[in-house]
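S.K.: If you count by numbering that gives the first Met the number 0, then the sequence shown holds residues 0 to 476, one letter each, in order. From the three backbone atoms N, C-alpha and C, an ideal C-beta is built for every residue, glycine too.
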Amino acid sequence: MRTYDSIQTDLSAGVATCESITQEYLGAIEKGRHLNAMISVFAERALEQARTVDQKLAAGSAGPLAGMVVSIKDVICVKDEKVTCGSKMLEDFVSLYDATVVERLKAADAIIIGKNNMDEFAMGSSTENSAFGRVKLPHDPERVPGGSSGGSAVAVRAGMSTTSLGTDTGGSIRQPAAFTGVVGLKPTYGRVSRYGLVAFASSFDCIGPFGLNTKDVARVLQAIAGHDPQDSTSAHVPVPDYLQSLTKDVRGLRIGIPREYFAEGLADEIREALEKHIDRLRDNGAVIEEVSLPHTEYTIATYYILATAEASSNLARFDGARYGYRAKGIQDLSEMYTKSRSEGFGPEVKRRIMLGTYVLSAGYYDAYYRKGQKVRRLIQEDFLKAFRSVDCLITPTTPSTAFKAGEKSGDPLQMYLSDIYTTSANLAGIPGISIPCGTDHDGLPIGLQILGKQFDEPTILRVSDFLESTFEEGSGN
Ligand code: GLN
């Protein structure tokens, strides 16, 4: 497994080329087939791209990510390649254009190696909801890697790409990062363009990177962040130099510990691992303060009302007429809609569409959707208040470590509860990062989450990088 630093060292020492590095990653993909992390692999295309970047390196004109090999969650468009969204509905659907994030990665001379497996339409927390089969956790294939960006997390963990892009609507980058022991960043809403991302819940969806360390995640963010005229919700906020924020110095930083995130339901080993890291910050000059986010108990309910409402509307376009799957042997239009949707969507997607349609329906709109919007505001205000006295917050990423396949898939409520610490950042539109901070008694990774103010990715990256530098090499402790 390589970080981008090691790639750069080998490239400049002349002991590797982008082509040989790409070959290495293709080898790891082959070796890791049983993990089912990839839906498609662009071997020829990636090697061709690598040769072009090698020429640019020789000519001194290569971009900032030259030789970095990236895999992309299969909900983001790469021109002329399939974008399945983990669904039978889009099994054979080919993208007509590059998403802005892909265009920017290519412009920086990153090499795109393939697409990652995922929960269907990014709905799920275990990557068991994929039409292409479940993704396995490298540490223990009986377990799940989290979701919905499980394939993107495993690709990085198993050395199939240097970094990857996932999406986070309610935790889908941070939760799989925690389960697989890698770094995963959900940027501020609007920091990264969503153009070319197939929508799940448009007011929540964010694209962000996975990497083996904070530096690589910062590098990818640097390349993909910034306003895009193709996405009206992308922000006109200047992009700072993220690498410069990795100072390894946390003196004077005020860090809040939200009391509600350490309450009942949190595994003891996770609490203990976090406490050790919080002590480390205190010992190095950070000021630790307990804070309260009083509306925390409403986050799961609010998220699952609002996100399903948006999903039911966004997924209306998949009706057999224009995009993807159309049922066979249909007699009329209504039958085409019904059969195509019944056959094309999996059970979790149907559940979300029904829930979302219900909360938006006349008679229930006020009780659910409108009320959900009001509570979303209260949750946002909780964070605004907390950020008056602290610079960032530290919480667990998940209440437990990776669970067994099948353990929660029959009980949607239990599955939804695994998002308890992550959905709030999407409701509030703030950035969050999950970093590995140790392992439990089964050797399974534990994730620590750092939440920041809107557009203050520099602070959470700084804390993340600091904590990483204090881990013991190899053990993650
Ligand atoms: N697990 C959450 C859900 O199922 C979050 C998904 C996501 O962030 N895409 O909705």
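State the Cα-Cα distance for the pair VAL219 and THR83, rounded to the nearest angstrom.
M.R.: Start at 1 with the first residue of the sequence shown, and residue 219 comes out as number 220. Start at 1 with the first residue of the sequence shown, and residue 83 comes out as number 84. Roughly 23 Å separates the two Cα atoms.
S.K.: Looking at C-alpha atoms only, which residue of PRO186, ARG1, TYR357 is the closest neighbour of ASP167?
M.R.: Reading the sequence shown from its first residue, position 168 is the one you call residue 167. Of PRO186, ARG1, TYR357, the residue nearest in Cα terms is PRO186.
S.K.: Cβ of THR469 within 6 Å of any heavy atom in the ligand GLN?
M.R.: Numbered from its first residue, the sequence shown carries residue 469 at position 470. It does not: the Cβ of THR469 is nowhere closer than 6 Å to a heavy atom of the ligand GLN.
S.K.: Please report the straight-line C-alpha distance between SER474 and GLY180, rounded to a whole angstrom.
M.R.: Against the sequence shown, residue 474 aligns to sequence position 475. Against the sequence shown, residue 180 aligns to sequence position 181. Interpretation of SER474 is limited by its pLDDT of 43, a score under 50 that renders its predicted location unreliable; no figure is taken from the coordinates.
S.K.: List the whole-angstrom C-beta distance separating HIS440 from GLU268, where the pair is believed to meet the contact cut-off of C-beta under 8 Å.
M.R.: Working through the sequence shown from its first residue, we reach residue 440 at position 441. Working through the sequence shown from its first residue, we reach residue 268 at position 269. HIS440 to GLU268, Cβ: 7 Å. Contact.
S.K.: Would you identify the three-state DSSP class for GLY113, choosing helix, strand or coil?
M.R.: Stepping through the sequence shown from its first residue, residue 113 is reached at position 114. It is a strand residue.
S.K.: Taking LEU392 and ILE299 to be in contact with their CB atoms under 8 Å, please state how far apart those CB atoms are, rounded to whole angstroms.
M.R.: The residue given as residue 392 occupies position 393 in the sequence shown. The residue given as residue 299 occupies position 300 in the sequence shown. Not really, about 18 Å apart at Cβ, beyond 8 Å.
S.K.: Rounded C-beta distance between GLU467 and ILE434? I'm assuming under 8 Å.
M.R.: Looking up residue 467 in the sequence shown gives position 468. Looking up residue 434 in the sequence shown gives position 435. Yes, GLU467 and ILE434 are in contact; Cβ-Cβ is about 6 Å, under 8 Å.
S.K.: From the DSSP secondary-structure annotation, give me the bridge partner or partners of SER334.
M.R.: Along the sequence shown, read from residue 1 onward, the residue named residue 334 stands at position 335. In the sequence as displayed, the identity of residue 334 is Glu instead of Ser. Looking at the DSSP assignment, GLU334 forms no beta bridge with any residue, so it has no partner.
S.K.: Counting Cβ pairs, one atom from each stretch, are 3 or more of them under 8 Å apart for the stretch 71-79 and the stretch 109-128?
M.R.: Verdict: yes, contact present.
S.K.: Write down the C-beta distance between ILE378 and TYR297 rounded to the nearest angstrom, noting that I regard them as a contact closer than 8 Å.
M.R.: Taking the first residue of the sequence shown as position 1, residue 378 is located at position 379. Taking the first residue of the sequence shown as position 1, residue 297 is located at position 298. At roughly 7 Å, the Cβ-Cβ gap stays under 8 Å, so ILE378 and TYR297 are in contact.
S.K.: Tell me the residue span of the beta strand (DSSP E) that contains LEU447.
M.R.: Taking the sequence shown and counting its residues from 1, the one referred to as residue 447 is at position 448. First-last of the beta strand (DSSP E) with LEU447: 444-451.
S.K.: Specify the secondary structure class of ASP215 as computed by DSSP and reduced to three states.
M.R.: As a first step, residue 215 must be located in the sequence shown, where it is residue number 216. Three-state DSSP puts ASP215 in a helix.
S.K.: If you reduce the DSSP assignment to three classes, tell me which class CYS17 lands in.
M.R.: Taking the sequence shown and counting its residues from 1, one reaches residue 17 at position 18. The answer is helix: DSSP assigns CYS17 an H, G or I state.
S.K.: Is SER433 near the ligand GLN, going by C-beta to nearest heavy atom under 6 Å?
M.R.: As a first step, residue 433 must be located in the sequence shown, where it is residue number 434. Not under cutoff, so the answer is no.
S.K.: Heavy atom of the ligand GLN less than 6 Å from the Cβ of GLY428, yes or no?
M.R.: Position 429 of the sequence shown, counted from the start, is the residue given in the question as residue 428. With a cut-off of 6 Å, the C-beta of GLY428 is classified as distant from the ligand GLN, since no heavy atom of the ligand falls inside that distance.
S.K.: Measure how close the beta-carbons of THR295 and GLU342 come, nearest whole angstrom, since I'm counting them as under 8 Å.
M.R.: The sequence position of residue 295 within the sequence shown is 296, counting from 1. The sequence position of residue 342 within the sequence shown is 343, counting from 1. In fact, because the Cβ distance is near 40 Å, the residues do not count as touching under 8 Å.
S.K.: Could you check what DSSP says for VAL358 in three-state terms: helix, strand or coil?
M.R.: Mapped onto the sequence shown, residue 358 falls at position 359. Looking at VAL358 - three-state DSSP - the assignment turns out to be helix.
S.K.: Measure the C-alpha to C-alpha separation of GLN48 and HIS276 and round it to an integer number of angstroms.
M.R.: Sequence index remark: in the sequence shown, residue 48 carries index 49 (1-based). Sequence index remark: in the sequence shown, residue 276 carries index 277 (1-based). Distance between the alpha carbons of GLN48 and HIS276 is about 41 Å.
S.K.: What are the residues that DSSP puts in a beta bridge with VAL290?
M.R.: Along the sequence shown, one-based indexing puts residue 290 at 291. VAL290 pairs with PRO257.
S.K.: Can you give me the C-alpha to C-alpha distance between PHE104 and PRO239, rounded to a whole angstrom?
M.R.: Looking up residue 104 in the sequence shown gives position 105. Looking up residue 239 in the sequence shown gives position 240. Residue 104 is actually Leu in this sequence, not Phe. Their Cα atoms are separated by approximately 17 Å.
S.K.: So what's SER39 in DSSP terms, helix, strand or just coil?
M.R.: Counted from its first residue, the sequence shown places residue 39 at position 40. Strand, per DSSP.
S.K.: Buried or exposed: where does LYS30 fall if 16 or more other Cβ atoms within 10 Å of its Cβ makes it buried?
M.R.: By one-based count along the sequence shown, residue 30 stands at place 31. Around the beta carbon of LYS30, a 10 Å sphere encloses fewer than 16 other beta carbons of the protein chains shown; the residue is thus reported as exposed.
S.K.: With three or more beta-carbon pairs closer than 8 Å as the criterion, would you say the stretch 16-35 touches the stretch 152-161?
M.R.: yes
S.K.: Is ALA300 near the ligand GLN, going by C-beta to nearest heavy atom under 6 Å?
M.R.: Locating residue 300 in the sequence shown gives position 301, where the first residue counts as 1. ALA300 Cβ: outside cutoff for every heavy atom of the ligand GLN.
S.K.: To the nearest angstrom, report how far apart GLN22 and ASN35 are at their CA atoms.
M.R.: On the sequence shown, residue 22 is found 23 positions in, with the first residue counted as 1. On the sequence shown, residue 35 is found 36 positions in, with the first residue counted as 1. Their Cα atoms are separated by approximately 19 Å.
S.K.: With burial defined as no fewer than 16 other Cβ atoms inside 10 Å of the residue's Cβ, what is the status of VAL389: buried or exposed?
M.R.: The residue labelled residue 389 in the question sits at position 390 within the sequence shown. Label assigned to VAL389: buried.
S.K.: If you drop the 5 nearest sequence neighbours on each side, which residues of the same chain put their C-beta closer than 6 Å to that of ILE172?
M.R.: The residue given as residue 172 occupies position 173 in the sequence shown. Same-chain partners within the cutoff: SER148, GLY165, GLY183, LYS185, GLY207.
S.K.: So, at 8 Å on beta carbons, what are the nonlocal neighbours of GLU288 in its own chain, with the 5 sequence-adjacent residues on each side left out?
M.R.: Position 289 of the sequence shown, counting from 1, holds the residue named residue 288. Answer for GLU288: ARG253, ILE254, GLY255, ILE256, SER388, VAL389, listed in chain order.
S.K.: With DSSP as the reference, identify every bridge partner of SER433, one or two as the case may be.
M.R.: The residue you call residue 433 lines up with position 434 of the sequence shown. DSSP, once it has assigned bridges, lists GLY183, GLN448 as partnering SER433.
S.K.: Could you compute how far the alpha carbon of VAL197 sits from the alpha carbon of ASP204?
M.R.: For the purposes of this step, residue 197 is identified with residue 198 of the sequence shown, where counting begins at 1. For the purposes of this step, residue 204 is identified with residue 205 of the sequence shown, where counting begins at 1. Rounded to the nearest angstrom, the two C-alpha atoms are 10 Å apart.
S.K.: Could you tell me whether the stretch 363-378 touches the stretch 303-318, using the rule of 3 or more Cβ pairs below 8 Å?
M.R.: yes
S.K.: When we look at the beta-carbon of ALA106 and count the other beta-carbons within 10 Å, is it buried (16 or more) or exposed?
M.R.: Taking the sequence shown and counting its residues from 1, one reaches residue 106 at position 107. Counting Cβ neighbours within 10 Å, ALA106 comes out exposed, since fewer than 16 surround it.
S.K.: By Cβ distance, which residues of its chain are closer than 8 Å to PRO293, with the 5 residues on each side in sequence left out?
M.R.: By one-based count along the sequence shown, residue 293 stands at place 294. In the same chain as PRO293, and ignoring 5 residues on each side of it, the C-beta atoms closer than 8 Å to its own belong to GLU259, ASP381, in chain order.
S.K.: In this structure, does DSSP put GLY146 in helix, strand or coil?
M.R.: Counted from its first residue, the sequence shown places residue 146 at position 147. In this structure, GLY146 counts as coil in the three-state DSSP scheme.
S.K.: Under three-state DSSP, which class holds GLU472?
M.R.: Residue numbering aside, residue 472 sits at position 473 when the sequence shown is read from its first letter. Caution applies to GLU472, whose pLDDT of 40 falls short of 50 and renders its modelled position unreliable; the value that the coordinates give is listed next. The answer is coil: DSSP assigns GLU472 none of H, G, I, E or B.
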